[in-house]
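> For the sequence shown, the numbering used here assigns the number 1 to the initial residue and increments by one for each residue that follows.
A virtual CB, placed ideally from N, CA and C, is assigned to each residue, including glycine.
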Amino acid sequence: EEFDETLSPILLDKNFTNVTNDMLLAVVESNVSYFYLKNELGLSEGDMWRITFEAPSALGMTTDTIRRKINVLSDTMNLSKPEIRILLQKFPTLLHLSADSNLAPKILFLLRLLDFSRQELKDMIL
């Protein structure tokens, strides 16, 4: 009977380990804000260092928490992904603000107080 190397316990264990590591990495990348900011939002390594120094706790937040903040910025000010990158490059501490109880109310307050359109506020901030 011929021996099938693909069924070797050592090879199977190695393949299982590779699959397990890949799955673990995928789970970590999908739940850690660093990977969302870098890979999905497209922030540079330099931007990530700035966030590390100015808003370090943001890197410990979940992807859902950061995504909610990005969505609030996008929706309330009509910001595109490149504009959000610019905003976070200038003001990384925005990531410390709560999306619903701090960030959104402040943006809406500024719009009303200054009697600005969303575009005018966007132009002033960017």
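From 37, 71, 79, 112, pick the residue whose C-alpha is nearest to that of residue 60; which is it?
The shortest Cα separation from residue 60 among 37, 71, 79, 112 belongs to 37.
> Hey, how far is the Cα of residue 73 from the Cα of residue 52?
For residue 73 and residue 52, the distance between alpha carbons rounds to 20 Å.
> The alpha helix (DSSP H) with residue 58 in it runs from where to where?
Looking at the DSSP string, residue 58 is not in any alpha helix (DSSP H), and its letter there is neither H nor E.
> Identify every residue that forms a DSSP beta bridge with residue 32.
Answer is 62, bridged to residue 32.
> Near residue 119, what residues of its chain come up, given a Cβ to Cβ distance below 8 Å and the 5 sequence neighbours on each side ignored?
Closer than 8 Å at the Cβ level, and outside the excluded window around residue 119, lie 78.
> Let's test the definition: count the other Cβ atoms within 10 Å of the Cβ of residue 69 and tell me whether it reaches 16, buried, or not, exposed.
Its Cβ being crowded by 16 or more others within 10 Å, residue 69 is buried.
> With a 10 Å radius around its C-beta and 16 neighbouring C-beta atoms as the bar for buried, classify residue 33 as buried or exposed.
Burial call: buried.
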